[in-house]
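Take the sequence shown: its letters are residues 1 to 272, numbered as in full-length UniProt numbering. Beta carbons are placed, not taken as given, at the ideal position from N, Cα and C, and that holds for glycine. This report refers to the structure that appears directly beneath it.
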Amino acid sequence: MASKVFESFGKFGLALAVAGGVVNSALYNVDAGHRAVIFDRFHGVQDIMVGEGIHFLIPWVQKPIIFDCRSRPLNVPVITGSKDLQNVNITLRILFWPVASQLPRIFTSIREDYDEHVLPSITTKILRSDVARFDAGELITQRELVSRQVSDDLTEQAATFGLILDDVSLTHLTFGKEFTEAVEAKQVAQQEAERARFVVEKAEQQKKAAIISAEGDSKAAELIANSLATTGDGLIELRKLEAVEDIAYQLSRSRNITYLPAGQSVLLQLPQ
């Protein structure tokens with residue numbers, strides 16, 4: 001009797017385990033920020049989109065494909081050519097997410113790893129097309145315009161695949177070694193030209209200053225000659241007295257002992 005009871009419990013436990021396994025395989029969870037698309041082995045991809053939470057499906061017949069619908073970044077490096085045939089290394093940073101209502105079409109036409117196939121492809125295409133409209137100088141001076149043009153074209157192209165781009169920006173922009181060396185050589189030449197221009201302008205100013213100084217000296221000599229012709233040697237004697245006074249003052253402030261021999265004419269041969 002006891003063996004039959006244990007056998008019944010065993011069968012019941014086995015049935016319960018099988019039922020639990022079936023129920024567990026019929027449940028699936030969609031995390032926050034994600035959406036699910038159901039693939040049916042008999043009817044293909046269903047047109048409905050499943051939201052967050054726990055859901056039921058038919059085991060072994062239906063399969064959930066989970067998509068991350070949160071905003072995610074993607075960096076796409078591209079080497080392309082400018083309008084003047086210069087090599088340009090560009091890195092484009094993109095924030096993107098899929099349109100939830102178009103997830104069945106995205107899975108059918110692109111698969112769930114759409115971000116690895118669509119975005120790098122269309123980004124390379126758009127960058128090469130837009131960068132070719134600008135020469136190297138314009139890419140540097142009009143970087144904001146280039147970024148806006150790329151963003152508009154890429155956003156329009158991505159919308160056809162059911163993708164939304166939140167932010168598109170150029171994070172890296174460099175040129176080939178030859179162009180960089182040419183730019184540096186041009187800058188050095190410009191600096192040398194500016195330095196030469198400064199030297200020429202300095203010489204011109206010094207020349208003008210010398211002319212003005214000579215004209216001033218000539219005018220001063222003329223005035224002195226006129227004054228001497230009018231007043232005689234009085235002006236010269238006055239300047240001697242002023243010089244003697246200044247020298248005496250400077251000597252009086254000296255720390256050394258200074259004396260003048262008495263009874264002799266010194267300091268500009270002053271008259272007795």
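Query raised in the report: Whose C-beta lies closer than 8 angstroms to the C-beta of Gln46 among residues of the same chain, with five residues either side of it excluded?
Result: Val37, Ile38, Phe39, Asp40 and Pro104
Query raised in the report: Between which two residues does the alpha helix (DSSP H) carrying Gln149 extend?
Result: Arg143 to Ala159
Requested in this report: May I ask which residues mark the beginning and end of the beta strand (DSSP E) holding Val131?
Outcome: That residue, Val131, is in no beta strand (DSSP E); its alpha helix (DSSP H) goes Val118 to Val131.
Query raised in the report: Cα separation between Gly20 and Ile54?
Result: Note that Gly20 has pLDDT 47, beneath the 50 cutoff, so the model's placement of it is unreliable and no number is given.
Report task. Leaving out five residues on either side along the sequence, give the residues of the same chain with a beta carbon under 8 angstroms from the beta carbon of Ala196. Result -> Cβ neighbours of Ala196 beyond the five flanking positions: none.
Query - Best match in Ile212, Ser213, Arg239 and Ala210 for proximity to Ile224 [C-alpha to C-alpha] - result: Check the Cα spacing between Ile224 and each of Ile212, Ser213, Arg239 and Ala210: the tightest is with Arg239.
Query raised in the report: Does the segment 136 to 144 touch the segment 91 to 99, meaning 3 or more C-beta pairs lie closer than 8 angstroms?
Result: no
Query raised in the report: Is Phe107 near Ile48, with beta carbons less than 8 angstroms apart?
Result: no
**Report entry** Residues near Val76 in its chain [Cβ-Cβ closer than 6 angstroms; skip 5 each side]
**Finding:** Leu92, Pro120 and Thr123
Query raised in the report: Applying the criterion that 16 or more other CB atoms from any shown protein chain within 10 Å of the CB defines a buried residue, is Arg111 buried or exposed?
Result: A residue is called buried when at least 16 other Cβ atoms come within 10 angstroms of its Cβ; Arg111 does not meet this threshold and is exposed.
Report task. Express the C-alpha separation of Val118 and Phe161 in angstroms, rounding to a whole number. Result -> Going by the C-alpha atoms only, they are around 8 angstroms apart.
Requested in this report: Hey, could you find the ends of the alpha helix (DSSP H) Pro104 is sitting in?
Outcome: Leu103 to Ser109
Query raised in the report: Do you know offhand how far Ala158's Cα is from Tyr114's?
Result: 11 angstroms
Report task. Figure out for me which residue from Thr230, Ser151, Ile58 and Asp166 has the closest Cα to the Cα of Phe42. Result -> Ile58
Query raised in the report: When the Cα atoms are used, what is the spatial distance from Lys208 to Lys202?
Result: 10 angstroms
Query raised in the report: What whole-angstrom Cβ distance do Leu27 and Phe67 have, given they're in contact under 8 angstroms?
Result: Not quite, the Cβ-Cβ distance comes to about 19 angstroms (not below 8 angstroms), so this is no contact.
Query raised in the report: Distance, Cα to Cα, Gln62 vs Gly44?
Result: 9 angstroms
Query - As assigned by DSSP and simplified to three states, the class of Arg41 - result: In the three-state DSSP reduction, Arg41 falls in the coil class, being neither helix nor strand.
**Report entry** Of the listed residues Gln149, Thr174, Lys125 and Glu156, nearest to Ala136 (C-alpha basis)
**Finding:** That would be Thr174, whose Cα lies nearest to the Cα of Ala136.
**Report entry** Alpha-carbon to alpha-carbon, Ala210 and Val199
**Finding:** Going from the Cα of Val199 to the Cα of Ala210 covers about 16 angstroms.
Query raised in the report: Using the C-alpha atoms, what's the distance from Glu144 back to Ala214?
Result: Taking the straight line from one Cα to the other gives about 57 angstroms.
Report task. Would you identify the three-state DSSP class for Arg197, choosing helix, strand or coil? Result -> helix
Query - Three-state secondary structure assigned by DSSP to Ala243 - result: helix
Query - Cutoff 7 angstroms; reference Arg70; Cβ partners in own chain excluding five residues on either side - result: Gly33 and Trp97
Query - Rounded Cβ spacing between Val146 and Leu170 (contact assumed at less than 8 angstroms) - result: 7 angstroms
Report task. Check Gly53 in the structure and name its three-state DSSP category. Result -> The DSSP-derived three-state label of Gly53 is strand.
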